[in-house]
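S.K.:
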Amino acid sequence: MTAPTPHTPPFRDPHLPFAKRIDDLLARLTLDEKVASLHQFAPAVERLGVAAFRTGQEALHGVAWMGPATVFPQAVGLGATWNTDLVRRVGEAVSQEVRAMHARDDRVGLNVWSPTVNLLRHPLWGRNEEGYSEDPKLTSAIATAYTRGLRGEHPTYWRTAPVLKHWLAHNNETGRDVTSSSVRPRVLHEYDLRAFKETVEAGAVAGVMPAYNLVNGRPNHVSPYLREQLRTWTDEELLVCSDAGAPSNLVDSEHYFDTHEEATAAALQAGVDSFTDHGTDGSKIVARVEGALERGLLTEADIDAAVRRQLSVRFRLGEFDPRHDPHAGTGEFDTPAHRELAREAAEQAIVLLRNDGVLPLAADTRIAVVGLLADECKLDWYSGTLIHRSTPLEGLYERFGAERVEFAEGVDRVLLKTSADTFLTVPAAPEAADEVRGAEGALDPALLAGRTDLPPLTADGTGTELALVDWGEGVLTLRAPDGRYLSVAEDGFLRASADQPGGWIVQETFRLEPHAHGHLLRHLGTGRPVCVAADGVRVAGEDTDGEVFEVVVVERGEDAVARVADRADVVVVVAGNDPHINGRETEDRTTLALPAHQERILAAARASGVRTVLALVSAYPYAVEPGRLGAVLWTAHGGQAGGTALARVLAGDVSPAGRLPQTWYADDADLPDLLDYDVIGARQTYLYFEGRPLFPFGHGLSYASFAYADLTVAVGEDRARISCTVTNTGGMAADEVAQLYTRAVDPSVTRPRRELLGHHRITLAPGAAAAVSFDVPLSAFRFWDVARDGWRVEPGPYDLLIGGSSEDVRLRGTIVLDGEPAVARPVLRRGVRAADFDEQSGTEIVDLTKTAGDAVTPVGGGSGELVYRACDFGTGTTGATVTVAGHGTVELSLGGAPATAVLTVGTPTPGPYDYLSVEAPFSADGVHDLHLRLRGPLRLAHVGFSG
23 MTAPTPHTPP
33 FRDPHLPFAK
43 RIDDLLARLT
53 LDEKVASLHQ
63 FAPAVERLGV
73 AAFRTGQEAL
83 HGVAWMGPAT
93 VFPQAVGLGA
103 TWNTDLVRRV
113 GEAVSQEVRA
123 MHARDDRVGL
133 NVWSPTVNLL
143 RHPLWGRNEE
153 GYSEDPKLTS
163 AIATAYTRGL
173 RGEHPTYWRT
183 APVLKHWLAH
193 NNETGRDVTS
203 SSVRPRVLHE
213 YDLRAFKETV
223 EAGAVAGVMP
233 AYNLVNGRPN
243 HVSPYLREQL
253 RTWTDEELLV
263 CSDAGAPSNL
273 VDSEHYFDTH
283 EEATAAALQA
293 GVDSFTDHGT
303 DGSKIVARVE
313 GALERGLLTE
323 ADIDAAVRRQ
333 LSVRFRLGEF
343 DPRHDPHAGT
353 GEFDTPAHRE
363 LAREAAEQAI
373 VLLRNDGVLP
383 LAADTRIAVV
393 GLLADECKLD
403 WYSGTLIHRS
413 TPLEGLYERF
423 GAERVEFAEG
433 VDRVLLKTSA
443 DTFLTVPAAP
453 EAADEVRGAE
463 GALDPALLAG
473 RTDLPPLTAD
483 GTGTELALVD
493 WGEGVLTLRA
503 PDGRYLSVAE
513 DGFLRASADQ
523 PGGWIVQETF
533 RLEPHAHGHL
543 LRHLGTGRPV
553 CVAADGVRVA
563 GEDTDGEVFE
573 VVVVERGEDA
583 VARVADRADV
593 VVVVAGNDPH
603 INGRETEDRT
613 TLALPAHQER
623 ILAAARASGV
633 RTVLALVSAY
643 PYAVEPGRLG
653 AVLWTAHGGQ
663 AGGTALARVL
673 AGDVSPAGRL
683 PQTWYADDAD
693 LPDLLDYDVI
703 GARQTYLYFE
713 GRPLFPFGHG
723 LSYASFAYAD
733 LTVAVGEDRA
743 RISCTVTNTG
753 GMAADEVAQL
763 YTRAVDPSVT
773 RPRRELLGHH
783 RITLAPGAAA
793 AVSFDVPLSA
803 FRFWDVARDG
813 WRVEPGPYDL
823 LIGGSSEDVR
833 LRGTIVLDGE
843 PAVARPVLRR
853 GVRAADFDEQ
863 SGTEIVDLTK
873 TAGDAVTPVG
883 GGSGELVYRA
893 CDFGTGTTGA
903 TVTVAGHGTV
913 ELSLGGAPAT
923 AVLTVGTPTP
933 GPYDYLSVEA
943 PFSADGVHDL
953 HLRLRGPLRL
963 AHVGFSG
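Going letter by letter, the sequence shown gives residues 23 to 969 in our numbering.
1. Quick one: give me the first and last residue of the alpha helix (DSSP H) that P880 is part of.
2. Can you check which of these residues, L778, R773, E777, A791, is closest to A755 by C-alpha distance?
3. What is the rounded straight-line gap between the Cα of H950 and the Cα of A902?
4. With a cut-off of 8 angstroms, do at least 3 Cβ pairs link the region 552-569 to the region 348-364?
5. Do Q706 and P694 come within 7 angstroms of each other at the CB atom, strictly closer than that value?
6. I'd like to know if the region 146-157 and the region 381-389 are in contact, where contact means that at least 3 CB-CB pairs between them fall below 8 angstroms.
7. To the nearest angstrom, report how far apart R506 and P477 are at their CA atoms.
8. Assuming Y725 and G674 are in contact, meaning their beta carbons sit under 8 angstroms apart, how far apart are those beta carbons, in whole angstroms?
9. Select from V294, P269, E276, T865 the residue whose C-alpha is nearest the C-alpha of R253.
10. Buried or exposed: where does D811 fall if 16 or more other Cβ atoms within 10 Å of its Cβ makes it buried?
11. Would you decide whether A454 is buried or exposed? Buried here means 16 or more other CB atoms lie within 10 Å of its CB.
12. Can you look up H541 in the DSSP assignment and give me helix, strand or coil?
13. With distances taken Cα to Cα, identify the nearest neighbour of P348 among G703, Y168, R961, W180.
14. Roughly how many angstroms separate the alpha carbons of G958 and V329, rounded to a whole number?
15. Skipping 5 residues on each side, what residues in its chain have a beta carbon closer than 7 angstroms to that of R628?
16. Can you tell me whether G853 is helix, strand or coil according to DSSP?
17. Nearest to D434 by alpha carbon, out of Y687, A625, L500?
18. Roughly how many whole angstroms lie between the Cα atoms of R388 and F429?
19. Where are the beta strand (DSSP E) runs, 3 residues long or more, that stay fully inside the region 391-460, in chain order?
20. Check whether the region 737-752 touches the region 846-863, taking contact to mean three or more Cβ pairs, one atom from each stretch, closer than 8 angstroms.
21. Measuring CA to CA, which of G417, R240, D35 is closest to Q662?
22. On the three-pair Cβ rule with 8 angstroms, is the region 905-924 touching the region 801-817?
23. Go ahead and pull the three-state DSSP assignment for V205.
24. Which whole runs of the beta strand (DSSP E) in the region 214-277 are 3 residues long or more, in chain order?
25. List, from N- to C-terminal side, the alpha helix (DSSP H) runs of 4 residues or more that fit wholly inside the region 157-187.
26. Keeping to the same chain, check which residues put their C-beta closer than 6 angstroms to that of G406; ignore five residues upstream and five downstream.
27. Got a sec, what are the start and stop residues for the alpha helix (DSSP H) Q118 sits in?
28. By how many angstroms is the C-alpha of G605 removed from the C-alpha of W147?
29. Are the CB atoms of V748 and F728 within a distance shorter than 7 angstroms?
30. Sort out for me which residues DSSP pairs H6 with in a bridge.
31. Looking at the unbroken alpha helix (DSSP H) that takes in P358, where does it start and where does it end?
32. Starting from the Cα of E283, find the closest Cα among V72, L315, A481 and give me that residue.
33. Tell me which same chain residues have a C-beta within less than 6 angstroms of the C-beta of G665, skipping the five on either side of it?
34. Which partner residues does A760 have in the DSSP bridge list?
35. Could you compute how far the alpha carbon of L479 sits from the alpha carbon of V831?
36. Buried or exposed: T785, going by 16 or more other Cβ atoms within 10 Å of its Cβ?
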């Protein structure tokens, strides 16, 4: 008698649709098992053979945090390539390495938290390096390419499951978990939502991660837009993963809810499916969900909805079909193809900003390469550990020969003298003490501890010469002669132990503070001054005074620069930032200016009289004076091949063709407040900026030249086809990025002065020509009409502008669209929602309720004004009614004339969401602009009219 064949449950049957299989598995899970899976680290369900699952694997420009991997250029550098095919191939390589690493270490997750599609609205944002562009069209094009590479091409099974970060309107680290971005409807729809929407609609996105901040007074983790917008853009189940610690922030820092049970329930019902909180410990989230269930704040159906979305991703990743998963055997890791791709990406990311003919460099050029970044290959918070590295110096040695290249870093070399006339000394390190931070991999690199196996600094009569660098605003690093940075470990001792500054709280930065007849050396990670103790140099305790040091300068950086410059034909100054200092996650920049130390180096190079090339290697734009420089280039930190790529571009082996993905402003005065998210009202980004930028959006020069001709425009029922011919009129093969922009000629509201409709990066041999065509849907010309609460294409002419940047226009044409005519607001019938203003001053948008809707309030409880254009009062009104909470006054007037109605709430309402209606006589007829003046701490939701 044969044993019966075990029954295969439907969720294990690969021939069934995923939806049926998910239904079956969901029905088999107990409520406790489902609740447990809501945490980022979902435990295994052994009785069903379901493995543990982790959401989240950082993969912004390579596999991060999990040890050695191929490191590609930073995301902003990938954006600067303007090359969607290249970025797709980078995404493909990254996902292959994710799979290969997952196969040998199951801590490496397949649900990747990449890419970042936050728009680079403000160049002082600390996380500028993580985004692609200030433009939503370019951002979505690059993000779509990257997610397609991450997803893979199989119709059923995904190689990895990308999650977009960070939903929504998130561009500040300063108070990021408590500040609210005031985003009016036009900015919401035309700008912030758009990059997410177009990427999700492309079909290779598994979910999104809400941001730490609030939007219009409501935390993003309870955003109604997850339901009202995100989940209407696709038929796929989208997984929403919280950012780390953000669920607890709803109570602990934002005080938006009184209890964690209420907060967790609200987040789950808003659409959060996986809670990233308390590290690997899911017990607190489980307890909160169970408490919410007991209190009736949640139902099992709410739990099921979230678990279903998680399971949808797991099925698509092939977890339950190992024999059918085409990606299960993926082993490509650090392959020659990946290394070549890293070099290609680094080359294509380089932007030539200025060139008076000094570039490319002749093969026999004698080069002085100087600067703080000249012999560095910097990593950022979301990098993997380098397997290969090339610095600009190494690249130039390799390309031109060491005999033609001289180097001076430009650091200040100093001794630190104590009050006892001794000097800080770095003891010799024991043999085999070489370690690289992060090489072992860590689910949370913030937990990587400093080294304590090396001897701490001491003080003696000789001392050790240290390399001092001021990275700006007085933030210093100190480096020992062996290349290791002074760092402080958990035991408080100073050691020369770090290969680079890094960590969630950087332990390698200091500040020299004038004190008595010398300086205190304050360690910024602990906030404590350094002292010299009997057992070594350490940070001082609460009851211990810091040592007063005299800084003895052995050599100034500019002197070393001048020395090597005198023997060179060209000086290449490599300047920029360290991605862990003064501008990073948790810390915004305060200025566009190049740090003073690097300005000194640059000034010394210029003063030498030798032709000077400035190569900026940075995560963000700088305001520099290019006029006295022979050439200026910019590249983001280029990953493992950045130095080789820069050398090849300088030598002319490759013609630069990167383009700026964001505006480079000339001065801090050109910038709005960091927390002003109204790109329209504040005239932000190339779309609205009315000043003269240092370098415009889309700018980038070439060693070749290009001619544009033969513009044709064909308009169909719902699309336009715009074509031209581009010819390489130069003497070498090169890439050109042809860019198409539009502007409404006679708009009724403020519209972009330029708006990108499309671009193509093409490669042309000398003398070769190519036809370039842009297929543009007519919906691309629309704007969000607040008067009708929807999209509208305005009738009339639109300029079509084609060229090499947003300002370098080579061809001009016009398209005339029928569109839909404007209609006055029917305010007599439906009134006006407060947030649907055309213009404002002194106000901000806040939450109408904790679940949905917007209201408007004066900033700081002061006064503000709202303007609503072309309001149709019909045959006449007799009264006005305002819906308000709080207390204060609302003044109504027509066309800016004196107020004709004043509505006052004298006694404050019980709470911010307790609205009441206040009426007053108000006479108006016909069409007028309505002006409202708000005074006091009130929230205005709606204005209605009676007739």
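Ideal placement from N, C-alpha and C gives every residue a C-beta, glycine not left out.
On a predicted model such as this, the values are computed, not experimentally measured, just so you know.
M.R.: Taking the coordinates as given:
1. Unbroken run through P880 is the beta strand (DSSP E), 876-880; no alpha helix (DSSP H).
2. A791
3. 15 angstroms
4. no
5. yes
6. no
7. 13 angstroms
8. 6 angstroms
9. V294
10. exposed
11. With a pLDDT of 48 at A454, under the threshold of 50, the modelled position of this residue cannot be trusted; read the value that follows with caution. Exposed is the call here.
12. strand
13. W180
14. 45 angstroms
15. T634, R650
16. coil
17. L500
18. 11 angstroms
19. 427-430, 434-439, 445-447
20. no
21. G417
22. no
23. coil
24. 229-232
25. 158-173
26. G84, V85, A86, A91, V93
27. 106-126
28. 7 angstroms
29. yes
30. It is not possible to answer for residue 6, since the shown part of the chain is limited to 23 through 969.
31. 358-370
32. L315
33. S412, T413, P414, E416, G417
34. H782
35. 60 angstroms
36. exposed
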